[in-house]
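Trainee: Residue numbering for the sequence shown is 1 to 1075, as defined by UniProt numbering.
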Amino acid sequence: MMLGRIFRLLAFLLVISRLILTDGLQIEDTECKEIPNGHYFCNETTGQKQCYENYFGVNCTTYCKVEDGSNFICNKITGEKECFADYYGVNCTTYCKVEDGSNFICNKITGEKECFADYYGVNCTTYCKVEDGSNFICNKITGEKECFADYYGVNCTTYCKVEDGSNFICNKITGEKECFADYYGVNCTTYCKVEDGSNFICNKITGEKECFADYYGVNCTTYCKVEDGSNFICNKITGEKECFADYYGVNCTTYCKVEDGSNFICNKITGEKECFADYYGVNCTTYCKVEDGSNFICNKITGEKECFADYYGVNCTTYCKVEDGSNFICNKITGEKECFADYYGVNCTTYCKVEDGSNFICNKITGEKECFADYYGMNCTTYCKVEDGSNFICNRITGEKECFVDYYGVNCTTYCKVEDGRNFICNKITGEKECFADYYGVNCTTYCKVEDGSNFICNKITGKKECFADYYGMNCTTYCKVEDGSNFICNKITGEKECFADYYGMNCTTYCKVEDGSNFICNKITGEKECFADYYGVNCTTYCKVEDGSNFICNKITGEKECFTDYYGMNCTTYCKVKDGSNFICNRITGEKECFVDYYGVNCTTYCKVEDGSNFICNKITGEKECFADYYGMNCTTYCKVEDGSNFICNKITGEKECFVDYYGVNCTTYCKVEDGSNFICNKITGEKECFADYYGMNCTTYCKVKDGSNFICNRITGEKECFVDYYGVNCTTYCKVEDGSNFICNKITGEKECFADYYGVNCTTYCKVKDGSNFICNRITGEKECFVDYYGVNCTTYCKVEDGSNFICNKITGEKECFADYYGMNCTTYCKVEDGSNFICNKITGEKECFVDYFGVNCTTYCKVKDGSNFICNKITGEKECFVDHYGMNCTTYCKVEDGSNFICNKITGEKECFVDYYGMNCTTYCKVEDGSNFICNKITGEKECFTDYYGINCTLNKRKPANNDEMSVADWLTKTTNGIVLIAVVSSVFLIIIIVAFIVRRRRRRQNILLDYKSFDNEDGYITDPAETPAAGSVRMQNPRQSKSYDNPVFSQFGSLSSNTFDQYPDKSTGDR
């Protein structure tokens, strides 16, 4: 009975243990079935699951592996990790052990340290307690003291606040004042900046300026060095130069001594010579005095005469004024008129400019245009040159080409002559052949006529038939038109359609092209594609061939493969069949297995489901859990994120924070590194710096130790030195005390003396004030006057500036301009140098060129001398020849005078006679005008009428081929039919010519005798001029007798040019046009 109970109890315990070892209370089917990706295999003998190495549990799903350094062992049944003593957590990685003096207990599950009251931090080593008067609160995690606003330091005892105007920021840790760049001192109130050219360095503690050798003063701007030959010693405080006797000026370089005969006294400060009244210049040797009528004032510095407006010259006696429209400027020294570019003449009124392509040069004196060879016209723009073979002559005045008979065109190169049988006439201007109607071509030999129904026009030049659009052929009868999308072109000759490459058919609409790899040929007529064997489809691109073992047949039209049952894919090679218990269906196209929802893997056997709050997704292929970013662990429940500036990495398995080297604290935010020379050690838990003795501050860099004789005590927190009364500076070594009468206050930081306004110097005893109009600033250190750039003298009143191109240097003391060699004048702008062959000397004061006799102009290069019989005077400034009235030309030798009845004007430059319109000849007496119907042209030189072909006579009114009337024979016919007529005409003409010549000679001799008798009489009663001073110029006689008031200038007929009133009575009225 007892034994039976024992066996029943053992059986019950066996069932209970079986239930405990399974994942639930339901008894699992004892059948063992292998699954893909499973971590076990089925024992062939027992049928039980046998786990692979390092896998445990009923289904072998728990992974556990002990490696070197592991702090656990694996439970042989469940695979759970069993931690060693003092190790906790899922992976037994958390170490926690309570020892004597520990301020915590260990959490039994996680191993986290749970701190006692007022203890904080990873190891509960940080003690923090807020008491009355504390300036902080304790951080609930680290126990670090979090200071109130404007409090800093380990215990939040340092007060620091940045206000408007502060030159510092507060160190976020210690509260020490960190000065802005170039600010120094306890409160950062001392400004010191070393720039390019600075002569000092800044004391790193106080900011005081420590001058380089030979530099002095508050800003070390005063340079003073005594060298051999120096005339001074340096003041040890300010650096000022203290001059020897008779030496003056900033550098004691000015020597000044008054001797007998001097016109000056020495300035006690600068040593400048102060001239007596009316004396000027460096040595007071220039005398200048303004009197009544003077056109100048005296320069206060040099004594040079400064002319009034529009006056020039050494003594300001030359007047020159530029007004609106003037083409010149006045020479600033001499007052001479200097013409603008391209203007010439005495008053610069003649304009002439030679540009690129100009065919002339400008006369340097008058500005007249002098044409190059073969160029004519007012502006020399007409080119005309007669060469061998030319068919023209050049007009001497205009340069126009005058063509020979039967030649036409601009260059007379077109030959045109109408002969019998020609189908054209010649164009009178161009000489081109103008064809008769329906004739075309160069010689008008091509006949072309457009009639009703024609599909062409005649080419206006060649006469060829030009077909209408889309018509072709010899007679333009073939129609062919290419439109958008057409695949052909029309043959330009016949109009036949020529298909593009690869196009076929009557209208070229069928496209077919065989390329490399094509599986067809094109039908030559229709263009249809004819496929090769085993190729199908519109373009024969589908290949399909059934071979042994194929699981398909080929579609006869498309060539597509039609698979057998349960076969899928492009080539029907994929086999897929759904059985009972399968977790997938087969894709109808590819045959791939498509898993049910939440099943994954090759055979869809892995189960994975994402629920609300999950920190992972399921891998679409394997079904494994893929954690979201910054989540770790088996179920992705541990959060860890590394951001910019983080000092840790996350453990890839557990997600725990692993601090970088030299970083400490819960979040690894405390940096602490001990290097060579460090004055501290790092707390192993919090990373706080623990300073050595006599070192203070956040980084323990402030050293402070009170010795015998020190004028300070050390601040216990920052280590700053706190000075005794009246002591200042970094080391409290500067003593400063304000007493009655002092002109300064003591700087609260450095102890430097800060002078009152307008006081300077070491003891603030030098007074200096800048007023409106001052040209200086006061030296901030010494109070000396420092002149602005380009100002000189004791009071900086002399202005002198050397610019690019200046011809002088400024005297470093007085500022006077000292001219370079060969430069003169107040501003040294006048250049004058006498060289071999020069026709002048240089004025020693102004530098003006003083020309030799008969030489004129800016450079005295113009020679002009008036001799007996000259018709000009010389311009006093330029030397140009100024002609007398009615005289012209370079040498004023051309005489020209316009009187009543003249048909010309005189050229203002050359004096040549310029005829009115329709007048020609040397004296413009020949009248010739071409009107409508005229049969002639006027000769451009003489004005003679040049008749057209077949015309003759005085007015070219007679025609050789046309009789005068129907009843009479023409003169030409009469002359050709009788020799007697020719003889008669010759005899009559000869007699008439002899009579004219004899009469002319007799009349001329009588008139000359009468004029000579009148000239020699000199009778006042007859009205002739008897005073030789009033005698007119040669070539004319002026008569006062009213009865003989007419006078003519004509050297051809008389050496005096005077003719009687009836001289030209023999000539007919000009209005008639006849001679």
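C-beta atoms are modelled at their ideal positions from N, C-alpha and C, and glycine is treated no differently.
#1: For Asn935, tell me which candidate among Leu958, Glu914, Lys913, Thr942 has the shortest Cα-Cα distance.
#2: So Cys160 and Lys145 are supposed to be a Cβ contact under 8 Å. How far apart are they, rounded?
#3: Quick one: measure Cβ to Cβ for Phe232 and Cys243, integer angstroms, because I've assumed they're closer than 8 Å.
#4: Can you name the residues that DSSP bridges to Ile73?
#5: For Lys433, which beta-bridge partners are listed by DSSP?
#6: Mind checking Lys705: buried by the 16 CB within 10 Å criterion, or exposed?
#7: Report yes if the C-beta distance between Tyr479 and Gly453 is below 9 Å; otherwise report no.
#8: With 16 as the cutoff for other CB atoms within 10 Å, does Glu613 come out buried or exposed?
#9: Per DSSP, what are the beta-bridge partners of Glu274 in this structure?
#10: Considering Cα atoms alone, identify which of Lys460, Thr126, Thr878, Phe360 is closest to Thr142.
#11: Nearest CA to the CA of Val154: which residue from Asn699, Cys800, Thr798?
#12: Assuming Val855 contacts Thr846 under a Cβ cut-off of 8 Å, what Cβ separation, rounded to an integer in Å, is found between them?
#13: Measuring only the C-alpha atoms, how far is residue 1076 from Lys812?
#14: Looking only at its own chain, which residues have a Cβ that is under 7 Å from the Cβ of Glu754, when we skip the five neighbours before and after it?
#15: CA-CA distance, Ala972 and Lys449?
#16: Taking Tyr40 as part of the beta strand (DSSP E), name the residues at either end of that continuous run.
#17: Of all Cβ atoms in chain D, is any one closer than 9 Å to the Cβ of Asp676?
#18: Below 9 Å between beta carbons: does that hold for Lys163 and Cys170?
#19: Which residues share a DSSP beta bridge with Leu958?
#20: Assuming contact is defined by CB atoms lying nearer than 9 Å, are Ile937 and Val930 in contact in what I supplied?
#21: Can you look up Phe1056 in the DSSP assignment and give me helix, strand or coil?
#22: Would Glu368 be called buried (16 or more neighbouring beta carbons within 10 Å of its own) or exposed?
#23: Between the C-alpha atoms of Leu21 and Thr78, what's the straight-line distance to the nearest angstrom?
#24: For Asn411, which residues in the same chain have their Cβ closer than 7 Å to its Cβ, ignoring the five residues on either side in sequence?
#25: Going by other Cβ atoms of all chains shown within 10 Å of its Cβ, with 16 needed for buried, is Lys977 buried or exposed?
#26: Please return the same chain residues whose Cβ sits closer than 8 Å to the Cβ of Val738, not counting the five positions on each side in sequence.
#27: Tell me the DSSP secondary structure of Ile397 in three-state form.
#28: Thinking C-alpha only, which one of Tyr536, Glu208, Thr430, Gly217 is nearest Tyr728?
#29: DSSP on Ala1029, reduced to helix/strand/coil?
#30: Select from Glu466, Glu483, Asn519, Cys512 the residue whose C-alpha is nearest the C-alpha of Ile493.
#31: Pick helix, strand or coil for Phe1000, following the three-state DSSP scheme.
#32: Since Ile553 is in the beta strand (DSSP E), which residue starts that stretch and which ends it?
#33: Tell me whether the region 96-113 and the region 78-88 touch, counting them as touching only if at least three CB pairs, one residue from each stretch, are closer than 8 Å.
#34: Taking C-alpha atoms, which residue in Thr174, Ile873, Thr238 lies nearest to Tyr760?
#35: With the cut-off set at 9 Å, would you say Lys849 and Asn859 are in Cβ contact?
#36: So for Ile877, helix, strand or coil by DSSP?
Mentor: If we stick to the structure as given:
#1: Looking up residue 935 in the sequence shown gives position 935. Minimum Cα distance to Asn935 is reached at Leu958.
#2: Counting from 1 along the sequence shown, the entry for residue 160 is found at position 160. Counting from 1 along the sequence shown, the entry for residue 145 is found at position 145. In fact, because the Cβ distance is near 16 Å, the residues do not count as touching under 8 Å.
#3: Counted from its first residue, the sequence shown places residue 232 at position 232. Counted from its first residue, the sequence shown places residue 243 at position 243. Contact flag correct, Cβ pair sits at about 5 Å.
#4: Taking the sequence shown and counting its residues from 1, one reaches residue 73 at position 73. The partner list for Ile73 (beta bridge, DSSP) reads Glu82.
#5: By one-based count along the sequence shown, residue 433 stands at place 433. Lys433 pairs with Cys426.
#6: Within the sequence shown, the letter at position 705 stands for residue 705. Answer is exposed; the Cβ neighbour count stays below 16.
#7: As a working note, residue 479 is residue 479 in the sequence shown. As a working note, residue 453 is residue 453 in the sequence shown. Their beta carbons are not under 9 Å apart, which means Tyr479 does not touch Gly453 by this criterion.
#8: Within the sequence shown, numbered from 1, the residue matching residue 613 stands at position 613. Sequence check: residue 613 is Gly here, not Glu. It is exposed - the Cβ of Gly613 has fewer than 16 other Cβ atoms within 10 Å.
#9: Your numbering for residue 274 matches position 274 in the sequence shown. Beta-bridge pairing by DSSP links Glu274 to Ile265.
#10: Counted from its first residue, the sequence shown places residue 142 at position 142. Comparing Cα positions, the closest option is Thr126.
#11: Sequence index remark: in the sequence shown, residue 154 carries index 154 (1-based). Val154 has its Cα closest to that of Asn699, out of Asn699, Cys800, Thr798.
#12: One-based indexing of the sequence shown puts residue 855 at position 855. One-based indexing of the sequence shown puts residue 846 at position 846. The question names Val, but residue 855 in the sequence shown is Tyr. Contact doesn't hold; Cβ gap of about 18 Å is too wide.
#13: There is no way to answer for residue 1076, as the model of the chain reaches only from 1 to 1075.
#14: Taking the first residue of the sequence shown as position 1, residue 754 is located at position 754. Contacts found: Phe744, Ile745, Asn747.
#15: Locating residue 972 in the sequence shown gives position 972, counting from the first residue. Locating residue 449 in the sequence shown gives position 449, counting from the first residue. Caution applies to Ala972, whose pLDDT of 44 falls short of 50 and renders its modelled position unreliable; the model cannot decide the point.
#16: Walking along the sequence shown from the start, residue 40 turns up at place 40. Here the beta strand (DSSP E) through Tyr40 covers 40-42.
#17: Here there is only one protein chain, and chain D is not present.
#18: Stepping through the sequence shown from its first residue, residue 163 is reached at position 163. Stepping through the sequence shown from its first residue, residue 170 is reached at position 170. The sequence as given places Glu at residue 163; Lys does not occur at that position. With contacts defined as CB atoms closer than 9 Å, Glu163 and Cys170 fail to qualify as a contacting pair.
#19: The count along the sequence shown starts at 1 and reaches residue 958 at position 958. Its beta-bridge partners are Tyr952.
#20: Within the sequence shown, the letter at position 937 stands for residue 937. Within the sequence shown, the letter at position 930 stands for residue 930. Yes, the Cβ-Cβ distance between Ile937 and Val930 is below 9 Å.
#21: Walking along the sequence shown from the start, residue 1056 turns up at place 1056. With a pLDDT of 37 at Phe1056, under the threshold of 50, the predicted position of this residue should be treated as unreliable, though the coordinate-derived value follows. Residue state, collapsed to three classes: coil.
#22: Walking along the sequence shown from the start, residue 368 turns up at place 368. Buried, by the Cβ-count rule.
#23: The sequence position of residue 21 within the sequence shown is 21, counting from 1. The sequence position of residue 78 within the sequence shown is 78, counting from 1. Any reading at Leu21 is ruled out, since the residue's pLDDT is 40, under 50, leaving its predicted position unreliable.
#24: Start at 1 with the first residue of the sequence shown, and residue 411 comes out as number 411. Excluding sequence neighbours, Asn411 sits near Lys401.
#25: What you label residue 977 is simply residue 977 of the sequence shown in a count that begins at 1. The predicted model places Lys977 with a pLDDT of 44, which falls under 50 and marks its position as unreliable; any figure quoted below should be read in that light. Classification for Lys977: exposed.
#26: In the sequence shown, the residue the question calls residue 738 occupies position 738. The beta carbon of Val738 lies closer than 8 Å to those of Phe744, Ile745, Cys746 in the same chain, with the five residues before and after it left out.
#27: The count along the sequence shown starts at 1 and reaches residue 397 at position 397. Ile397: coil per DSSP, three-state reduction.
#28: Locating residue 728 in the sequence shown gives position 728, counting from the first residue. Answer by Cα proximity: Glu208.
#29: As a first step, residue 1029 must be located in the sequence shown, where it is residue number 1029. Residue confidence is low: Ala1029 scores 43 on pLDDT, short of 50, so the model does not pin down where it sits. Its coordinate-derived value is still stated next. Secondary structure of Ala1029 (DSSP, three-state): helix.
#30: Translated into the one-based positions of the sequence shown, residue 493 becomes position 493. Closest by alpha carbon: Glu466.
#31: Within the sequence shown, numbered from 1, the residue matching residue 1000 stands at position 1000. Phe1000: helix per DSSP, three-state reduction.
#32: In the sequence shown, counting from the first residue as 1, residue 553 sits at position 553. Taken as a continuous stretch (DSSP letters only), the beta strand (DSSP E) holding Ile553 covers 552-554.
#33: yes
#34: One-based indexing of the sequence shown puts residue 760 at position 760. Of the candidates Thr174, Ile873, Thr238, Thr238 places its Cα closest to the Cα of Tyr760.
#35: Within the sequence shown, residue 849 is the residue found at index 849, counting from 1. Within the sequence shown, residue 859 is the residue found at index 859, counting from 1. In this structure, Asn859 lies closer than 9 Å to Lys849 by Cβ.
#36: Here the question's residue 877 lines up with position 877 in the sequence shown. In the structure shown, Ile877 sits in coil (DSSP, three-state: anything other than H, G, I, E or B).
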